[in-house]
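> Here it is, the structure in full.
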Amino acid sequence: MSLITEIGGLSYFQFNVDSQDEFSKISTLISGHLLEPYSIYVYWFFLNTWPQYCYIVKESAESPDIVGVIISKVEPHRDVRMRGYIGMLVIDPAYRGRKIATHLVKLTVDRMVQLDAVDEVMLETEVINKGALGLYESLGFVRSKRLYRYYLNTHDAYRLILPISSKSGTRIAFLPPIEGSEAMAA
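1 is the number of the first residue of the sequence shown in the UniProt record's numbering; add one for each residue after it.
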């Protein structure tokens with residue numbers, strides 16, 4: 001596990017793909033605090049395919065407990081723009097209100113820009129989740145679409161997009177293919 005930074009007395013790490021213990025603790029944190037049930041294979045797929053976009057937070061470098069996690073990915077979107085996607089963001093309720101989620105989102109977006117030059121970052125959140133909507137909108141995300149009955153609990157979701165480059169606001173029909181996108185698709 002590699003320490004990325006320390007903020008507010010908490011330690012931020014990149015996920016260690018070789019740590020079964022870390023994987024297990026992430027799974028427990030997510031399944032205990034997200035309403036939408038995800039298969040363990042969803043975590044495994046994200047964490048093993050895009051470990052560079054998966055971060056955990058601990059009370060200290062020596063602490064065994066994970067108090068926050070963000071799981072994300074980056075892929076080409078319709079072969080014309082690079083899109084980051086935040087799949088899961090969970091903070092242990094005892095640690096909320098300490099800006100952990102804000103720091104995790106900023107860290108993730110910065111890394112997406114640095115490593116893959118993303119044009120935008122996307123996510124979905126429940127329409128009724130005012131805390132999440134406030135967080136994301138304070139970071140510059142905008143509501144792009146309402147997704148009716150999106151979640152298994154039948155709640156609607158908003159798709160939120162954080163525009164990074166001018167490509168994000170340009171219609172797909174007017175964008176040239178990403179260089180090497182033919183090779184990425186193969």
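Ideal Cβ placement from N, Cα and C applies to all residues, glycine included.
Under the three-state reduction of DSSP, which class applies to LYS145: helix, strand or coil?
LYS145 carries a strand assignment under DSSP once its states are collapsed to helix, strand and coil.
> Touching or not, the segment 74-82 and the segment 56-63, by the rule of three or more beta carbon pairs under 8 Å?
no
> In three-state terms, what does DSSP make of MET184?
Residue placement at MET184 is flagged as unreliable, the pLDDT there being 49, under the threshold of 50; the coordinate-derived value follows with that caveat. MET184 falls in the helix class under three-state DSSP.
> Which residue wins for smallest C-alpha separation from PHE23, given the options PRO93, LEU3, ARG96 and ASN48?
ASN48
> Could you check whether GLN14 and PRO51 sit closer than 8 Å to each other, using their CB atoms as the reference points?
yes
> Let me check one thing: in DSSP terms, what residues is PHE13 bridge-paired to?
Beta-bridge partners assigned by DSSP to PHE13: LEU3 and ILE56.
> Could you tell me whether the Cβ atoms of TYR146 and ASP156 are closer together than 8 Å?
Note that residue 146 is Arg in the sequence shown, not Tyr. In contact: ARG146 and ASP156 (Cβ atoms closer than 8 Å).
> For PHE141, count the other beta carbons within 10 Å of its own beta carbon; 16 or more makes it buried, fewer makes it exposed. Which is it?
buried
> Taking the CB atoms as reference points, tell me whether MET82 and ASP110 lie closer together than 8 Å.
No, the pair does not count as a contact, with Cβ atoms beyond the cut-off.
> Taking only the alpha-carbon atoms, compute the straight-line gap between HIS33 and ILE178 and give it to the nearest angstrom.
37 Å
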